[in-house]
Amino acid sequence: MVQEHELEPETVDIGVNMGPQHPSTHGVFRMVLTIDGERVVDVEPHIGYMHRGAEKLSESMDYRAAIGFQDRTDYLAQFMNEQAYCMAVEELLELEVPERSEYIRVILCELNRVTSHLMFLGAFGIDLGYFGTSFTYGFRERERIQDIFEEVTGDRLMYAYFRPGGLAWDVPDNFVQMVRDVLPHTRQGLKDLDLLMTQNEIVAVRTKGIGAMSAEESINWGLSGPLLRAAGVDWDLRKDKPYSIYDRFDYDIPLGSHGDLFDRFLVRLEEARQSLCIVEQALDQLPDGPIMPEKMPRRLRGPEAEVYTAVEGARGEYGVYLVSKGGDKPYRLKMRSPSFCNLSALRDMTVGSYVADAVAILGSIDIVLGCVDR
Amino acid sequence: MIGIFKSMYITFATMLRTPVTIEYPAKHRDVPQRDRAFPILLWDKEVDEPFCTGCHACERACPVECMTVTMKDNPLHADEKSTRRKIVDEFWIDYGRCMRCNICVEVCNFEAIAMNNTWAGHELSKFDRNDLVLDLQQLLSQHKQDKIDAWVAE
């Protein structure tokens with residue numbers, strides 16, 4: 005007699021290892037996905053493959069020399085890191101930054117935000133399977149701004165241009181004209197990306213309602229930057245805790261409503277446009293004058309104090325917490341990197357979605373591994 | 564469907580544009596005057612000796628410790644040809660360690676060191692890592708032969 009078989013087949017969850025060499029993890033990020041069929045049940049992120057000890061290195065040298073390590077944390081928005089660090093040192097040493105330096109800093113930071121967002125818009129296309137098209141479009145426009153940075157600072161990626169107190173040297177004479185010539189191209193490039201992706205039905209299907217996070221959850225996870233604003237929370241350090249000279253410009257903070265991938269894409273696209281508005285206004289107001297304070301000490305020696313300064317980086321709040329016990333070196337330098345804090349919410353965003361969307365969700369967080377691991 | 568046609572329109576419009584890329588190894592784009600490749604030493608043509616006095620300022624300020632400098636008495640000063648009492652004896656820079664932060668140029672009191680702003684400073688591929696450690700003669704040769712118009716901020 006044939007024994008009766010059980011008809012219900014047994015299902016098991018499979019662990020899938022993704023990274024650290026996977027091209028769509030935006031660097032050396034590893035996540036272990038547990039999947040049930042096509043659905044993601046659990047995500048376990050592994051970081052630390054790119055840890056270079058930037059905080060510790062900055063503690064071992066004087067305030068001026070450590071500027072080179074600030075670029076190397078968030079290497080797609082370098083000027084913002086430099087500004088956060090310089091602001092911390094300036095607050096500690098009570099240095100007054102000249103007007104002209106503040107304006108040049110704002111112009112470069114906002115252009116940097118545009119390059120960073122162009123990088124996101126391009127790479128997001130790849131994550132959705134738009135292979136290469138949007139990526140090359142984004143890079144084409146990014147390159148023009150990169151050329152300005154190269155003319156001004158001399159380097160293409162690791163600028164090391166800001167100094168505690170001001171700037172390393174003045175901008176070239178044709179700087180204003182150079183930026184004005186590039187702005188129309190950048191606007192056109194953003195328009196191209198807008199036409200290419202915003203109304204595209206394939207993009208809409210892949211992004212709308214995926215990886216959504218409510219406003220309350222976003223705040224609880226400590227998200228910041230475009231991710232938080234996509235969820236509808238009106239929080240931008242440039243407006244809410246004005247630093248530098250951001251209170252002198254007229255611009256809008258774009259907000260999303262659903263907090264899904266599509267909103268994150270739109271928020272970044274609009275933010276890049278608003279940054280261009282700030283650049284235009286700053287160029288109009290750019291004053292003449294010195295770039296370093298008159299009474300600049302030759303050796304930077306800080307008092308015994310603690311300072312925390314934060315800037316609105318391209319990915320969120322980039323903060324520098326600096327503890328000084330006197331002397332010319334920081335006792336402790338802590339970087340509050342937005343990528344790391346935003347990445348912590350990856351599990352909540354991903355669980356329940358399809359495997360293919362996991363890559364897109366990770367892409368929408370727009371992490372920079374140099375910033376996560378520091 | 565409209566959205567896909569818009570995307571296709573952008574793609575076709577871009578197809579007709581002139582390319583923006585340069586075929587790199589065959590063609591080189593111009594590097595700006597402020598371009599920062601790797602540090603080199605400058606040669607004082609009037610006295611026929613390096614500007615560098617070997618004062619260790621750059622060595623102390625370097626965040627990655629890529630420099631080694633030694634100092635000696637200047638023989639030309641004894642003959643009263645030079646105003647420099649001391650002069651650089653040996654100078655090594657490890658280009659493999661250098662992170663091109665420009666701090667050595669800023670701390671130099673004699674404007675003796677500058678960043679290489681030519682293509683020769685970027686194309687440095689070597690088979691052996693030790694070949695990236697340059698000595699005094701190699702560091703001076705570029706400016707000595709007038710191959711560089713060095714830029715140093717005031």
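Residue numbers (this note's numbering), protein chains in the order written: chain A, 5 to 378; chain B, 564 to 717.
Each residue gets a CB set at the ideal place from its N, CA and C atoms; glycine is no exception.
- By a beta-carbon distance limit of 8 Å, A:R268 contacts A:L231. Their separation comes to about 6 Å.
- Ranked by Cα distance from A:H30, the first of A:M353, A:V355 and A:L347 is A:L347.
- The C-beta of A:G72 comes closer than 8 Å to at least one C-beta of chain B.
- Beyond the five residues adjoining it in sequence on each side, B:L702 comes within less than 7 Å, by CB distance, of I603, L604, F654 and I656 in the same chain, given in chain order.
- Restricted to the stretch 604-686 of chain B, the alpha helix (DSSP H) segments that are unbroken, complete and at least 4 residues in length are 620-624, 638-641 and 666-670, listed in chain order.
- DSSP assignment within the stretch 70-153 of chain A yields the following whole alpha helix (DSSP H) runs of 4 residues or more, N-terminal first: 71-75, 82-97 and 103-132.
- Counting only residues of its own chain and dropping the five nearest sequence neighbours on each side, A:D40 has a CB closer than 6 Å to the CB of D17.
- For A:K338, the three-state secondary structure derived from DSSP is strand.
- Within chain B, the residues I565, G566, I567, K569 and S570 have their CB atoms less than 9 Å from the CB of A:Q203, given in chain order.
- Fewer than three Cβ pairs drawn from the stretch 127-147 of chain A and the stretch 50-63 of chain A lie within less than 8 Å of each other, which leaves the two stretches out of contact.
- Between A:S328 and A:V372, the gap from beta carbon to beta carbon reaches 8 Å or more.
- CA-to-CA, the gap between B:H619 and B:W682 works out to about 28 Å.
- Within chain B, R599 and R663 have C-beta atoms less than 7 Å from the C-beta of A:D159, given in sequence order.
- Between A:I71 and A:F166, the beta carbon gap of about 7 Å places them in contact (Cβ cut-off 8 Å).
- Any Cβ of chain B closer than 8 Å to the Cβ of A:E155 would place that residue at the interface, and such an atom is present.
- According to the DSSP assignment, A:A309 belongs to the beta strand (DSSP E) that extends over G306 to E316.
- A Cβ-Cβ separation of about 5 Å places B:H685 in contact with B:A600 under the 8 Å criterion.
- Only those residues of the stretch 116-142 of chain A whose C-beta falls short of 8 Å from the nearest C-beta of chain B are listed: T137 and Y141.
- When the Cα atoms are used, A:F33 and A:D159 turn out to be separated by approximately 27 Å.
- With fewer than 16 other beta carbons inside 10 angstroms of its own, B:D636 counts as exposed.
- Nearest to A:K60 by alpha-carbon distance, out of A:L350, A:K333, A:V363 and A:G356, is A:K333.
- Counting only unbroken stretches of 4 or more residues, the alpha helix (DSSP H) elements lying wholly within the stretch 149-204 of chain A are 179-201, in sequence order.
- Sequence-ordered contacts of the stretch 638-655 of chain B with chain A are nonexistent [C-beta pairs closer than 7 Å].
- Assigned with DSSP and collapsed to three states, A:K329 falls in strand.
- With 16 or more other Cβ atoms from the protein chains shown falling within 10 Å of its own Cβ, A:N85 counts as buried.
- Here DSSP, grouped into helix, strand and coil, assigns B:T574 to helix.
- DSSP places A:M35 inside the beta strand (DSSP E), whose first and last residues are R34 to D40.
- Shown in chain order are the members of the stretch 170-201 of chain A whose Cβ falls below 7 Å from a Cβ of chain B: A172, W173, D196, L199 and L200.
- Taking a Cβ-Cβ threshold of 7 Å, the residues of chain B close to A:A164 are C664 and N665, in chain order.
- For B:V583, a Cβ of chain A is located within less than 8 Å of the residue's own Cβ.
- At a cut-off of 8 Å between beta carbons, B:I676 makes no contact with chain A.
- Put simply, the stretch 92-101 of chain A does not touch the stretch 119-131 of chain A. Fewer than three CB pairs are less than 8 Å apart.
- Restricting attention to A:E106, A:N204, A:A234 and A:A208, the CA atom closest to the CA of A:A216 is found in A:A234.
- Boundaries of the alpha helix (DSSP H) around A:V283: L265 to Q289.
- Using a Cβ distance threshold of 8 Å, A:G330 and A:G306 count as a contacting pair.
- At a cut-off of 8 Å, the C-beta of B:I603 has no neighbouring C-beta in chain A.
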